[in-house]
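Heads up, the thing below is written out as structure tokens.
Residue numbers (this note's numbering): 508 to 833.
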């Protein structure tokens, strides 16, 4: 009887210790956001205009075609796409968006906009003090490349079906150094944004474009959040703080975690990896539910999570659950 009582007391003590450890504030470190360099001088590329033209048109003659082209440099690029299809009604539209002006402006200030966004994201973690006296974060924008994809098909009626999408892929590397100048952490980041989109189906065409200023704001946010996630989770890992199985709570929240973000969570013994989708976020915490049919019973408090970034091949894997057919 005494042994049983001691076991119960011991288990209760361990549970209380675990809960106490989770309730403790995160240990803090100081990071100064330093210079973000570029592959070459910004002024060498001020004459290059980044623009996307999205056009669609049609007539009753019955045809379908699509084409695209692009060019790029470390500080800008260009791309164009067009698609057309034959159908009974006619449609014609054209739109343009400029990116070069905003990219070069931020480039000449060593990407002050990106650095400011990084400072805000890092400060939101509660575990990082943005300022001198500790580590120094520096970065380098390696490349900016336009990307395009699409397809077109003509149905039996002669009407065209298809889509065209243009985007921009940006590569940036960053590193965190200590007071002695030694690199303690680094990571390459690749982020992609869609600049314009057009589709046509059953005689109806739809197109979507954004302004250069709006696109650059999105780019700033994506680069800042991607880098801040890697840094924050390196020094204070993203883990399950409460719950387990199909529903978990995490030790980070907004803005590093966003609703809809996909996670890969590994059990504490490393034997099981399950995927989750963030369902709600608040300051300092987030909730997520499992997607897919992995056995998540061993996912418990302390299990380490990794954010599956947009564009990561893992984001395209199937998340359907297996079911027994009748």
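Idealized CB from N, CA, C, for every residue including glycine.
Does residue i pass the burial test, meaning 16 or more other C-beta atoms within 10 Å, or should it be called exposed?
| i | result |
| --- | --- |
| residue 776 | exposed |
| residue 687 | exposed |
| residue 800 | exposed |
| residue 802 | exposed |
| residue 717 | buried |
| residue 656 | exposed |
| residue 621 | buried |
| residue 804 | exposed |
| residue 653 | buried |
| residue 723 | buried |
| residue 719 | buried |
| residue 734 | buried |
Using only the alpha-carbon positions, how far apart do residue i and residue j sit?
| i | j | result |
| --- | --- | --- |
| residue 641 | residue 684 | 9 Å |
| residue 669 | residue 697 | 28 Å |
| residue 806 | residue 699 | 31 Å |
| residue 796 | residue 737 | 22 Å |
| residue 616 | residue 634 | 28 Å |
| residue 531 | residue 759 | Bear in mind that a pLDDT of 45 at residue 531, under 50, signals an unreliable position, so the model cannot answer this. |
| residue 538 | residue 627 | 12 Å |
| residue 667 | residue 752 | 47 Å |
| residue 749 | residue 756 | 5 Å |
| residue 721 | residue 608 | 12 Å |
| residue 619 | residue 611 | 11 Å |
| residue 769 | residue 747 | 14 Å |
| residue 814 | residue 739 | 12 Å |
| residue 689 | residue 548 | 26 Å |
Which residues in the same chain have their Cβ closer than 8 Å to the Cβ of residue i, if we skip the five residues on either side of it in sequence?
| i | result |
| --- | --- |
| residue 728 | 624 |
| residue 693 | 680, 681, 682 and 683 |
| residue 536 | 634, 635, 636, 641, 642 and 742 |
| residue 660 | 571, 667, 668 and 669 |
Beta-carbon within less than 6 Å of residue i's beta-carbon, same chain only, minus the 5 sequence neighbours each way: which residues are those?
| i | result |
| --- | --- |
| residue 545 | 614 and 648 |
| residue 588 | No answer about residue 588 holds up, because its pLDDT of 38 lies below 50 and its placement is not dependable. |
| residue 528 | Because residue 528 sits at a pLDDT of 39, beneath the cut-off of 50, its placement in the model cannot be relied upon, and the point is left open. |
With residue i and residue j assumed to form a contact (beta carbons below 8 Å), what rounded beta-carbon distance in angstroms separates them?
| i | j | result |
| --- | --- | --- |
| residue 810 | residue 785 | At roughly 15 Å, the Cβ-Cβ gap does not stay under 8 Å, so residue 810 and residue 785 are not in contact. |
| residue 712 | residue 705 | 7 Å |
| residue 764 | residue 793 | 5 Å |
| residue 541 | residue 645 | 5 Å |
| residue 703 | residue 673 | 5 Å |
Verify the CB distance criterion: does residue i have a CB-CB separation below 9 Å to chain B?
| i | result |
| --- | --- |
| residue 714 | The displayed structure is made up of one protein chain only, and chain B is not part of it. |
Leaving out five residues before and five after residue i in sequence, what residues of the same chain have Cβ atoms less than 7 Å from its Cβ?
| i | result |
| --- | --- |
| residue 744 | 811 |
| residue 761 | 788, 789 and 790 |
| residue 638 | 537 and 539 |
Which one or two residues does DSSP pair with residue i in a beta bridge?
| i | result |
| --- | --- |
| residue 658 | 670 |
| residue 709 | Answer is none; residue 709 lacks a bridge partner. |
| residue 678 | 650 and 697 |
| residue 723 | DSSP output for residue 723 lists no bridge partner at all. |
| residue 784 | 769 and 796 |
| residue 683 | 644 and 692 |
| residue 806 | Answer is none; residue 806 lacks a bridge partner. |
| residue 756 | 749 and 794 |
| residue 776 | DSSP, once it has assigned bridges, lists no residue as partnering residue 776. |
| residue 545 | 648 |
| residue 448 | Shown here, the chain extends from 508 to 833; a query on residue 448 therefore has no answer. |
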